[in-house]
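Inspection log for the structure reproduced underneath, given as structure tokens.
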Amino acid sequence: MNKSIVPKLVSTMQQLIIDPRQQILDPWHWFIAWYDMVPLPSMLVILEEKFFFQMATKGLMMIDRKISGTLNVQQTLPTSPFQSSENVIYNTINNHSVTMSSSNFISSLKDLLEQTAMQYNVLFVPIRNRTFQGKQIYQFGNHYIYLDDNVIFCYETNQYVPISLMDLIKETIVL
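Sequential numbering of the sequence shown, starting at 1, is according to UniProt numbering.
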């Protein structure tokens, strides 16, 4: 079953085109028809690795194109320090060139946090022997944070939640 049917189901899911205007669900129905015969782990792997990954990639590319189009308009308007930080974050995360002097070069989110902490005179230090899910815990002002895949997670209400750099700075400066 895994040698003959699963590869065909994989190709069917790769060929499925999501278009809300003219959606053709035949490939999806063909895939679901095998639900009772193909082992559940195989079905999940196909969905996770082929379908969801493909759709998430396409969605993120669409969002990236939309943001790139609006950033050019926003850059002509007067910006606050937070908005300019967001643009630097966006360009850094998406590996666009960021023009800065060599002393201010940002190579990672951690470097961006260090630079931002210095800019706003906020304490940013790693906490010794403290990790969460294998990631180093840092103190940023009065907040405990960790970094995972270019996302900042802040400890709030007994759990770590994603937070933007702008929101983290606002909360730190207000406190």
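Think of the CB as a built atom: it goes at the ideal place given N, C-alpha and C, for glycine as much as any other residue.
Just confirm the distance between the C-beta atoms of residue i and residue j, as a whole number of angstroms; I'd bet it's less than 8 Å.
i	j	result
L16	W34	Not confirmed; about 14 Å, so no contact.
I18	M55	6 Å
Taking C-alpha atoms, which residue in the options lies nearest to residue i?
i	options	result
Q159	F124, T172, Q133	Q133
F140	Y155, V122, T131	V122
T109	F153, W30, V161	For the sequence presented, residue 109 should be read as Leu rather than Thr. Checked all of F153, W30, V161; the closest Cα to L109 is F153.
P126	P162, L147, K170	L147
To the nearest angstrom, how far is it from the Cα of residue i to the Cα of residue j?
i	j	result
M13	T172	46 Å
I67	P41	37 Å
V38	W30	12 Å
I145	Y138	5 Å
L113	P20	40 Å
E49	S107	29 Å
K135	L9	37 Å
E156	N142	11 Å
Identify whether residue i lies in helix, strand or coil by the three-state DSSP scheme.
i	result
V98	Any reading at V98 is ruled out, since the residue's pLDDT is 46, under 50, leaving its predicted position unreliable.
V174	helix
T116	helix
D148	strand
T157	coil
Next item on the list: Would you mind listing the alpha helix (DSSP H) stretches within the UniProt domain "GCF C-terminal" (1 to 54) that are 4+ residues and don't spill past its ends, in chain order?
Entry: 5 to 15, 26 to 33, 40 to 46
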